[in-house]
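K.L.:
Sequential numbering of the sequence shown, starting at 1247, is according to the working numbering.
Please read through the structure below; I'll follow up with questions.
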Amino acid sequence: MDSSTIRLILIVGAFFMAGSIYSIVTSLFTRNAYIRHIPSFLGAAVIIYYVYQLMTTTPEGFRDIAYILSVIMIGFVIFGNVITNIIVNMRRRN
1247 MDSSTIRLIL IVGAFFMAGS IYSIVTSLFT RNAYIRHIPS FLGAAVIIYY VYQLMTTTPE
1307 GFRDIAYILS VIMIGFVIFG NVITNIIVNM RRRN
């Protein structure tokens, strides 16, 4: 693996961990599921906006690629948040 592949894995892991850390920290202070899912709700809203921008604007330079990469990175934050919330909920039940 070359350095760019390792860098990509680290970036994806960092975004995944950002969503996970938010879930862990908020689960220590509250049991409210809506507060723990705030990154997922905001991320979904931003993804909808970026997809709308992709569909309606004319392509200029690398803007389309930037929107697509942003959607992917926000998707990893959402994925990390949801997976960690599922794990926290399962551990609380036991």
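Cβ atoms here follow ideal geometry from the backbone N, Cα and C, with glycine treated the same way.
#1: Give the DSSP-derived three-state secondary structure of residue 1307 in the structure shown.
#2: Would you kindly work out how many angstroms separate the C-alpha atoms of residue 1294 and residue 1321, rounded to a whole number?
#3: Determine the burial state of residue 1261: buried for a count of at least 16 other Cβ atoms within 10 Å of its Cβ, exposed for fewer.
#4: Taking just the CA atoms, how far does residue 1299 sit from residue 1254?
#5: Among 1284, 1265, 1305 and 1257, which has the Cα closest to the Cα of residue 1329?
#6: Please identify the residue among 1305, 1336 and 1285 whose C-alpha is closest to the C-alpha of residue 1326.
#7: Can you tell me whether residue 1307 is buried or exposed? The criterion is at least 16 other CB atoms within 10 Å of its CB, across all chains shown.
#8: Once you ignore the five residues that flank residue 1258 on each side, which residues in its own chain have a CB closer than 6 Å to its CB?
#9: Throw me the rounded Cβ distance for the residue 1331 and residue 1283 pair, which I believe falls under 8 Å.
P.N.:
Answer, in terms of the structure:
#1: In the sequence shown, counting from the first residue as 1, residue 1307 sits at position 61. In this structure, residue 1307 counts as coil in the three-state DSSP scheme.
#2: In the sequence shown, the residue the question calls residue 1294 occupies position 48. In the sequence shown, the residue the question calls residue 1321 occupies position 75. Our two residues, residue 1294 and residue 1321, have alpha carbons roughly 11 Å apart in a direct line.
#3: The residue you call residue 1261 lines up with position 15 of the sequence shown. Buried is the call here.
#4: Along the sequence shown, one-based indexing puts residue 1254 at 8. Along the sequence shown, one-based indexing puts residue 1299 at 53. One C-alpha to the other measures close to 25 Å.
#5: Along the sequence shown, read from residue 1 onward, the residue named residue 1329 stands at position 83. Of the listed residues, the one whose Cα sits closest to residue 1329 is 1265.
#6: On the sequence shown, residue 1326 is found 80 positions in, with the first residue counted as 1. That would be 1285, whose Cα lies nearest to the Cα of residue 1326.
#7: For the purposes of this step, residue 1307 is taken as residue 61 along the sequence shown, with counting starting at 1. Exposed is the label assigned to residue 1307, since fewer than 16 other Cβ atoms lie within 10 Å of its Cβ.
#8: Here residue 1258 is taken as the residue at index 12 of the sequence shown, counted from 1. Within the same chain, residue 1258 has close Cβ partners 1322.
#9: Against the sequence shown, residue 1331 aligns to sequence position 85. Against the sequence shown, residue 1283 aligns to sequence position 37. Between residue 1283 and residue 1331 the Cβ distance is about 7 Å, and since that is below 8 Å, they are a contact.
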